[in-house]
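Asker:
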Amino acid sequence: MTTMANPCNISADLEKHIVKEAPPTIYYVPNFITEAEEEHLLQQVYRAPKPKWTQLSGRRLQNWGGLPNPKGMLAEKLPDWLLKYTEKISAFGAFAGKTANHVLVNEYKPGEGIMPHVDGPLYHPTVTTISLGSHTLLDFYKPVCQTQSEIPQTEERRYMLSLLVQRRSLLILQDDMYKLYLHGIQGVYEDILSEHVMNLSSTGAQVGDTLPRSTRVSLTIRHVPKVIRANLLLGKK
Ligand SMILES: O=C(O)CCC(=O)C(=O)O
Numbered sequence: 001m002t003t004m005a006n007p008c009n010i011s012a013d014l015e016k017h018i019v020k021e022a023p024p025t026i027y028y029v030p031n032f033i034t035e036a037e038e039e040h041l042l043q044q045v046y047r048a049p050k051p052k053w054t055q056l057s058g059r060r061l062q063n064w065g066g067l068p069n070p071k072g073m074l075a076e077k078l079p080d081w082l083l084k085y086t087e088k089i090s091a092f093g094a095f096a097g098k099t100a101n102h103v104l105v106n107e108y109k110p111g112e113g114i115m116p117h118v119d120g121p122l123y124h125p126t127v128t129t130i131s132l133g134s135h136t137l138l139d140f141y142k143p144v145c146q147t148q149s150e151i152p153q154t155e156e157r158r159y160m161l162s163l164l165v166q167r168r169s170l171l172i173l174q175d176d177m178y179k180l181y182l183h184g185i186q187g188v189y190e191d192i193l194s195e196h197v198m199n200l201s202s203t204g205a206q207v208g209d210t211l212p213r214s215t216r217v218s219l220t221i222r223h224v225p226k227v228i229r230a231n232l233l234l235g236k237k
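FYI, the UniProt record's numbering numbers position 213 of the sequence shown as 213, with every residue one higher than the one before it.
1) Comparing alpha-carbon positions, which option in I172, T86 and Q153 lies nearest C145?
2) For T147, count neighbouring C-beta atoms within 10 Å of its own C-beta (all shown protein chains included) and say buried if the count is 16 or more, exposed if not.
3) Determine, using beta carbons only, whether L163 and A205 come nearer to each other than 9 Å.
4) Would you check if the distance between the CB atom of H117 and the CB atom of D191 is smaller than 9 Å?
5) Confirm, please, whether the CB-CB distance from K109 to T220 is below 9 Å.
6) At a threshold of 8 Å, does L221 count as lining ligand 1 (C-beta to nearest heavy atom)?
7) Express the C-alpha separation of L41 and K142 in angstroms, rounding to a whole number.
8) For Y27, which of helix, strand or coil comes out of DSSP?
9) Could you check whether G97 and R213 sit closer than 9 Å to each other, using their CB atoms as the reference points?
10) Residue range of the alpha helix (DSSP H) that W64 falls in?
11) In terms of alpha-carbon separation, which member of F92, S131 and N101 lies closest to L83?
12) Just checking my contact of G93 with N6 at CB under 8 Å: how many whole Å lie between their CB atoms?
13) Helix, strand or coil for L82? Go by DSSP, reduced to three states.
14) Rank D176, L138, K226 and L193 by C-alpha distance to the C-alpha of P24 and give the top, closest one.
Now the structure itself:
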C-alpha cells in the first residue's frame, strides 16, 4: 500500500479493503507487513523484560504508550519499533488526522481468547490491529437489547459474523463495528470456517477449511485523546 497525502480522510488505498458484506466499517488488509517485519516485531515483543507482561486469564499483554484510564493517560514515548507502524497507519487517515499513541500487545496461546466486549470511550473510535504469528477468528455480536426481555439473549443468539484475521494482516474497525457491536475471540485450538466469515474472498481460504491455531501476538493500535504529559507533572515545559 502507498501512503496518502491527507491523513484527515481515509486513504483511497484503504477504501479498496472495505469488507462490504459487513456493517460499517471494517477494513481488512492481508499481508500488510512482510515476513521479515513480522519476525522483527515478534523479536521486539519477546525482548521486553518480564515485568512488562501482565498475565490475565486467557492471555497476557504489554501496554506501550501509557496506561489509558478515564482521567487521562500519562503518556510515555513509544519505542521506534512501534512508532514505525503507529505513524504509518495514522498516515492512512485511520484516526481522522490524529496520530495513534497507544499500543496494546496481546499474546494468545492456542486455546486462549478474549470475551466479547466493546473498546469503549477511552479511545478515538477506531481500533487497528496488526496480527503476528498466527491467524485467529474474530467474532462479532449484537449488544444486549434492553427492550426484549422475554427471549434469553444468549451469546449464540447475538452472534452476528466473524472475520478471519490472518498473520501479517491489518484490521481496522470503525463506526458501528467499533461503537455498537461487541468483538471477541473464542478460546479454541482450531477454527472451522463457515459462511459467516465475511472476509473469505480476501484471504484465499474457503468455507469448510480447518485452521489450527499457533501462538498469536496482536498489536492493537489506538489513539487516546486525553493525555497527560509526564513533563507537565514534573513542572517542565
Ligand atoms: O487480539 C485482538 O485482535 C483483539 C484484542 C482486543 O479486542 C482488545 O485488546 O481489546
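C-beta atoms are modelled at their ideal positions from N, C-alpha and C, and glycine is treated no differently. Note that the structure is predicted; figures quoted are calculated from it, not measured.
Answerer: Reading off the structure:
1) Q153
2) exposed
3) no
4) no
5) no
6) This sequence places Ile at residue 221; Leu is not what is there. Because no heavy atom of ligand 1 lies under 8 Å away, the Cβ of I221 does not count as near it: no.
7) 33 Å
8) strand
9) no
10) Where W64 is concerned, there is no enclosing alpha helix (DSSP H), although the beta strand (DSSP E) it sits in stretches over R59 to W64.
11) N101
12) 7 Å
13) helix
14) D176
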